[in-house]
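In my numbering, the protein residues as written are 5 to 623.
Glycine is no exception: its CB is placed at the ideal position from the N, C-alpha and C atoms.
Values in this document were obtained by computation on a predicted structure and should not be read as measured data.
So the structure is just underneath, and the comments pick up after that.
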């Protein structure tokens, strides 16, 4: 895993070689092992290297093909690089060393832009074709690796992290992106929180012509709508085989490797597959004193069952205070998912022992693993109730005592009734919202931020002709997975110079699972049906059939006590007035409401805390 940076016509932006290197060094955490810059005729490419495969000098980037026509900077891993290398050698291409990056210039020259469709991996990269004065960018199919870009006339800038280039032009907020953040808790691609900047979408390729400045964007991959006719037992066998292959491919490294092991079915199954190839592999987890967040019983059970060398960190209030205090320095854009904090701590712990870790991300989106997936089954019965009964239900829910436990009943029921009567995909997004429809009118001073009608456009664009479960799946895979889950993993892992790989996001596995009947994966009382059937072959029954537990920490409780000082300082009236977006009286009322135990406002308050921390760093 690495950091990449590039500029075309940097002189027009007032950036010289020394300035370019300074921008690149802001990403030293992404690649602490080496730094490299290549310059040619008004083009600069830069790379910060975290050495994983081919630790020698032949793996140094920027890298050129044998004839020095194509230069490349690459972030990620190509898992099928051996197969592609053999094919390219048979076609006359020559290579020095064993780096997976080396195949990219040759593959581009051999197959043109379509070469990216042959890659199995996680990646964000840039190729510069010197003969055609043409830049090519691409991002992997599920958005595991980020890539920001900006085009202005004949100048072009790209970077793995926005913080590396935030002052190339004077920064200004993009209000549409900010509005999306307060709903989703993240800024979905292609939006970017800084005006004039963009993010490459998952599965997208972009070309920029240095002569003339033409930008062309296209999608090189989408999940297709083909349906599989395999019977259930055959499908279980196929899912197991595809996952085994995906894990095996992701175990190649010239450095120590481990597995994140929460004790949930997803990570435990990855660990079980990994142990087949690497007995006694190291595993890592974060544990808590709060039983509603603690999974140590299950992570210990999985580690003992599989025979891994298990290491854990007990997360305490001091860890949260430390991470909250530096949250703004970690972010490129506002990011509200509170599980970033334990993910950061887990990554730091893991990096003390290994350089690469496998994780279980992606399984919830592919196999319908979230509690809100089951909630969609309940909506039909609820909305058919007479209006007077629904009003009584809402009043009853509002009277429930407040709990700050993970996935507490009162929190789930309040979210359910508040949005149950909306259209399906809008409802799905609103159930996850950090600032709810009821809160927006009081919180924001800008009418532009109150309006969430943009969600209707999202709904129209998500597989409108498909059945509801598949529309929900596409919403999760197309927006939430890359915008939240994988972005969180990239932030937390790269801040600690750790590479994290996601076997469930192997595109062949994902396409097969997507093609299966919904009933194989999701039912009125059960999620992840077929994945549990695979897991029964490898894991204790107690792990396979345990309830879903989020990877969080007791933020709601700690905001009332240990983090209350940080909360009040970050969201004091002077700070909010200086920002100009928010109503200080409304925010103060929500803080008092939360601290007094009258309502759980953790999602709203945390979104505001991280936004203000980001704002201090960027604006």
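Per DSSP, residue i is paired with what?
i	result
residue 292	In DSSP, residue 292 forms no bridge with anything.
residue 210	141, 221
residue 326	Residue 326 is not bridged to any residue.
residue 314	287
residue 203	152
residue 40	51
residue 8	51
residue 319	Residue 319 is not bridged to any residue.
residue 586	448
residue 262	286, 361
residue 67	76
residue 198	177
Apart from the five residues on each side of it in sequence, which residues of its chain come closer than 6 Å, Cβ to Cβ, to residue i?
i	result
residue 8	51, 77, 79, 164
residue 134	73
residue 3	A question about residue 3 goes unanswered here, because the residues of the chain that appear run from 5 up to 623.
residue 620	332
residue 617	331, 332
residue 153	162, 202
residue 48	11, 14, 24
residue 194	202, 203, 205
residue 294	558
residue 183	453
residue 528	381
residue 222	209
Measure how close the beta-carbons of residue i and residue j come, nearest whole angstrom, since I'm counting them as under 8 Å.
i	j	result
residue 251	residue 278	6 Å
residue 212	residue 12	7 Å
residue 36	residue 501	5 Å
residue 360	residue 572	Wrong, their Cβ atoms sit about 40 Å apart, outside the cutoff.
residue 341	residue 190	7 Å
residue 109	residue 139	At roughly 13 Å, the Cβ-Cβ gap does not stay under 8 Å, so residue 109 and residue 139 are not in contact.
residue 53	residue 38	4 Å
residue 378	residue 401	Incorrect: roughly 17 Å between the Cβ atoms, too far for contact.
In its own chain, which residues sit with a C-beta less than 8 Å from the C-beta of residue i, not counting the 5 before and 5 after it?
i	result
residue 265	271, 272, 275, 287, 288, 289, 303, 306, 307, 312, 314
residue 239	232, 520, 524, 534
residue 538	240, 243, 244, 247, 273
residue 463	427, 428, 429, 430
residue 357	260, 262, 286, 288, 315
residue 281	251, 252, 255
residue 608	438, 439, 440, 443, 447, 594
residue 556	297, 342, 343, 346, 410
residue 613	328, 331, 570, 571, 574, 575
Using a Cβ-Cβ cut-off of 7 Å (strictly less than) and excluding sequence neighbours within five positions of residue i, which residues of its own chain qualify?
i	result
residue 457	none
residue 226	207
residue 568	599
residue 3	Residue coverage of the chain in this structure runs from 5 to 623, which leaves residue 3 outside it and unanswerable.
residue 107	82, 85, 88, 89, 92
residue 544	305, 309
residue 219	155, 210, 212
residue 424	383, 386, 387, 431
When burial is assigned at 16 or more other CB atoms within 10 Å of the CB, is residue i buried or exposed?
i	result
residue 93	exposed
residue 196	buried
residue 335	buried
residue 392	exposed
residue 460	exposed
residue 4	The first residue shown for the chain is 5 and the last is 623, placing residue 4 beyond what the model contains.
residue 413	exposed
residue 403	exposed
residue 623	exposed
residue 123	buried
residue 345	buried
residue 439	buried
residue 507	buried
residue 192	buried
residue 513	buried
residue 482	buried
residue 230	exposed
residue 283	exposed
Within 8 Å of any Cβ in chain D, is that where the Cβ of residue i sits?
i	result
residue 442	The displayed structure is made up of one protein chain only, and chain D is not part of it.
Open item on the list: What ranges does the alpha helix (DSSP H) occupy inside the stretch 473-540, keeping only unbroken runs of at least 4 residues that lie completely in it?
Closed with: 491-498, 511-519, 533-539, all fully within the stretch 473-540.
Open item on the list: Just to confirm the assignment: which complete beta strand (DSSP E) runs, minimum length 3, are found wholly within the stretch 73-152?
Closed with: Contiguous beta strand (DSSP E) elements confined to the stretch 73-152 occur at 74-82, 125-133, 138-143, taking only those with 3 or more residues.
Task: Sequence ranges, alpha helix (DSSP H) only - wholly within the stretch 157-185, length at least 4 - done: Qualifying alpha helix (DSSP H) stretches: none in this window.
Task: Runs of alpha helix (DSSP H) lying entirely within the stretch 351-396, each at least 4 residues, in chain order - done: DSSP runs (the alpha helix (DSSP H)) wholly in the stretch 351-396: 367-370, 375-387.
Open item on the list: Ignoring anything shorter than 4 residues, give me the alpha helix (DSSP H) runs that lie fully in the stretch 558-610, in order along the chain.
Closed with: If we require 4 residues or more, the alpha helix (DSSP H) runs fully inside the stretch 558-610 come out as 559-564, 568-574, 577-583, 588-599.
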